[in-house]
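Peer 1: Have a look at this one before I ask anything.
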Amino acid sequence: MTYLVRIVQTLLMLGLPAGLWLWMRRRLGAPWGLIGAGMLTFVLSQAVHLPLNWALGLLGGERGVALWPVPWTALVVGLSAGVCEEGARYVVLRLWRREARSWRDGVAFGAGHGGIEALLLGLLVLLTLVQMIALQRMDLEGLGLSGEMLEQVQAQIDTYWSVPWYLPLLGGLERASALAIQIALTLIVVRALTHNVGWLGLAILAHTLVDGLAVGLLKVGWPIPAIEGVVFLLALAAVVFIVIARREERPVAAGDVSRETSPPFLEGQERIAEPEGIEKEP
């Protein structure tokens with residue numbers, strides 16, 4: 087049973103994003119380039135996010151911000167993720183993928199961003215599973231482990247295999263919630279580009295709420311199923327926003343598109359239109 091659950095978890099984490107990308111490509115005509123840009127954006131955001139968390143003391147042992155009261159720790163965790171990921175989304179969409187302003191484009195970009203996160207975590211889960219299966223069948227003393235080191239490794243193995251069967255499944259299903267949230271956050275960032283920059287602040291705050299709430303509830307002792315339930319409710323809210331954004335989508339005015347997508351050195355220049363009713367001479 088334990089092996090089966092772990093395998094299902096891995097398949098969910100690897101299969102959900104891949105299936106979503108293929109479905110979006112076939113049904114929505116989502117460009118692979120935008121999906122790939124979303125993937126790259128997530129990776130680039132982590133190049134800033136992970137070192138920042140280490141500097142803050144959120145990684146590498148209990149120190150720094152990790153020793154603060156729970157509400158403040160949760161707030162910093164959420165802000166760290168929100169600023170890095172939403173900032174990266176905004177920069178990439180503003181400076182590189184300047185054509186991505188439609189609902190479909192935002193969904194494709196968000197699916198790439200959240201999908202690569204699920205894939206990377208899925209590969210990590212798969213690697214851990216293979217490692218634990220191998221260690222379970224090995225003679226640890228024959229590997230040269232003894233004393234305290236042997237006890238620590240054995241404790242890690244025992245803890246891994248003693249996890250209730252439903253927790254790995256929840257971990258796999260959580261990726262579906264995370265994908266919905268990532269897509270919604272991307273659509274909010276797109277609005278920061280098509281409406282006003284205040285939407286970027288909203289995206290950061292929303293990301294802070296999701297991550298900060300999950301971390302805070304975990305630290306105060308909430309059971310993981312309850313936390314996953316909260317994340318699921320947030321994902322439902324994200325889906326509602328995605329649907330509303332689709333229904334409210336309106337074509338961007340030609341002048342707005344020109345200002346948004348033109349190279350910086352062309353911004354501010356006016357187009358000279360020909361007067362109506364005057365025909366060109368042959």
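Residues 87 to 368 (our numbering) make up the sequence shown, in order.
For each residue, glycine too, the CB sits at the ideal point set by N, CA and C.
Predicted model, so just to flag it, every value in this text is computed and none were measured.
#1: Given a cut-off of 9 Å, decide if W158 and V169 are closer than it, judged by their beta-carbon atoms.
#2: Helix, strand or coil: which one does DSSP assign to H281?
#3: Check whether the Cβ atoms of F128 and A174 sit closer than 9 Å, and answer yes or no.
#4: Pick helix, strand or coil for W308, following the three-state DSSP scheme.
#5: Indicate whether the contact test is met: 3 or more Cβ pairs, each with one atom in the segment 132 to 139 and one in the segment 232 to 246, closer than 8 Å.
#6: So, with DSSP's three-state summary, where would you put G146?
#7: For W189 and A292, which I take to be in contact (beta-carbon distance under 8 Å), what is that distance rounded to the nearest angstrom?
#8: Using three-state DSSP, classify W189 as helix, strand or coil.
#9: Please name the residue, chosen from P311, E148, N139, that lies closest to E260 on a Cα-to-Cα basis.
#10: Would you call the CB atoms of A204 and I267 closer than 9 Å?
#11: Flag this pair as yes or no: are the beta carbons of I215 and I93 separated by less than 9 Å?
#12: Go to E371, then tell me how far its alpha helix (DSSP H) extends in each direction, as first and last residue.
#13: Going by DSSP in three states, S344 sits in which element: helix, strand or coil?
Peer 2: In brief:
#1: no
#2: coil
#3: yes
#4: coil
#5: no
#6: coil
#7: With a Cβ gap of about 18 Å, W189 and A292 do not count as contacting.
#8: helix
#9: P311
#10: no
#11: Going by the sequence as given, residue 215 is Leu instead of Ile. It is a contact, given that the beta carbons lie within the stated cut-off.
#12: Because residue 371 is not part of the residues shown, which for the chain are 87 to 368, the question remains open.
#13: Residue confidence is low: S344 scores 37 on pLDDT, short of 50, so the model does not pin down where it sits. Its coordinate-derived value is still stated next. Of the three classes helix, strand and coil, the one that applies to S344 here is helix, per DSSP.
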